[in-house]
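Student: Numbering (the working numbering), first residue to last: 46 to 188.
Here it is, the structure, as structure tokens.
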């Protein structure tokens, strides 16, 4: 290029630097978005467990025991976390607690899998009628 000539456009190095920066920002944004969606889905699962526990307590107050159920036989209890099964992140079920019969204690489980949601960090969320909360994965970050 001649000295003093009018320079127009960008060099290849400048374009490469801008594209690399744009790719880095897009990657960071995508990771943040995925974390936000995962956090929102976990909140949906926890909320669904609380609603299902309320239904179980209502059943217990009428019949003096809890009721087991799952997706195949929901028995009138909520079995999905969202407004519809297709829009749900979790499938719900109820079983007897490991240390007590169903008449005394019920454990609710929210298993990821509806709407192709997967959560390898937390896995299944759990809540029992004694107030114990848990998860298959790192429980501290899941609740």
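We put the beta carbon where it would ideally sit given N, CA and C, even for glycine.
Rounded to whole angstroms, how far is the Cβ of residue 133 from the Cβ of residue 125, which I believe are closer than 8 Å?
Tutor: As a position in the chain shown, residue 133 is number 88, starting the count at 1. As a position in the chain shown, residue 125 is number 80, starting the count at 1. Rounded, the Cβ-Cβ distance is 4 Å, consistent with contact.
Student: With a cut-off of 8 Å, do at least 3 Cβ pairs link the segment 158 to 177 to the segment 96 to 105?
Tutor: Contact between the segment 158 to 177 and the segment 96 to 105 is present, because at least three Cβ pairs lie under 8 Å.
Student: Are there 16 or more other CB atoms within 10 angstroms of the CB of residue 55, so buried, or fewer, so exposed?
Tutor: What you label residue 55 is simply residue 10 of the chain shown in a count that begins at 1. Answer is exposed; the Cβ neighbour count stays below 16.
Student: Need the endpoints of the beta strand (DSSP E) that residue 173 sits in, please.
Tutor: Locating residue 173 in the chain shown gives position 128, where the first residue counts as 1. Start and end: 170 to 173.
Student: So, with DSSP's three-state summary, where would you put residue 137?
Tutor: Residue mapping note: residue 137 aligns to position 92 of the chain shown, counting from 1. Strand.
Student: Can you tell me whether residue 64 is buried or exposed? The criterion is at least 16 other CB atoms within 10 Å of its CB, across all chains shown.
Tutor: Taking the chain shown and counting its residues from 1, the one referred to as residue 64 is at position 19. Classification for residue 64: exposed.
Student: Could you tell me if residue 90 is buried or exposed, where buried requires 16 or more neighbouring beta carbons within 10 angstroms of its beta carbon?
Tutor: Translated into the one-based positions of the chain shown, residue 90 becomes position 45. Flag for residue 90 reads buried.
Student: With distance defined between alpha-carbon atoms, name the residue in 162, 83, 154, 178 nearest to residue 131.
Tutor: In the chain shown, counting from the first residue as 1, residue 131 sits at position 86. Comparing Cα-Cα distances from residue 131 to each of 162, 83, 154, 178, the minimum goes to 162.
Student: Pull up the DSSP beta-bridge partners for residue 114, would you.
Tutor: The count along the chain shown starts at 1 and reaches residue 114 at position 69. In the DSSP output, where bridge partners are listed per residue, residue 114 has 139.
Student: Given a cut-off of 8 Å, decide if residue 182 and residue 168 are closer than it, judged by their beta-carbon atoms.
Tutor: Against the chain shown, residue 168 aligns to sequence position 123. Against the chain shown, residue 182 aligns to sequence position 137. Closer than 8 Å, so yes.
Student: In the structure shown, what three-state DSSP assignment does residue 156 receive?
Tutor: Translated into the one-based positions of the chain shown, residue 156 becomes position 111. In this structure, residue 156 counts as strand in the three-state DSSP scheme.
Student: If you measure between the beta carbons of residue 147 and residue 116, is that distance less than 8 Å?
Tutor: Within the chain shown, residue 147 is the residue found at index 102, counting from 1. Within the chain shown, residue 116 is the residue found at index 71, counting from 1. In this structure, residue 116 does not lie closer than 8 Å to residue 147 by Cβ.
Student: Taking the alpha-carbon of residue 105 as reference, which of 93, 122, 92, 118 has the nearest alpha-carbon?
Tutor: Indexing the chain shown from 1 puts residue 105 at position 60. Among 93, 122, 92, 118, the Cα nearest to that of residue 105 belongs to 122.
Student: Please work out which residues of its chain come closer than 6 Å, Cβ to Cβ, to residue 164, disregarding the five sequence neighbours upstream and downstream, and give them in chain order.
Tutor: If you number the chain shown from 1, residue 164 lands on position 119. The answer, listed in chain order, is 157.
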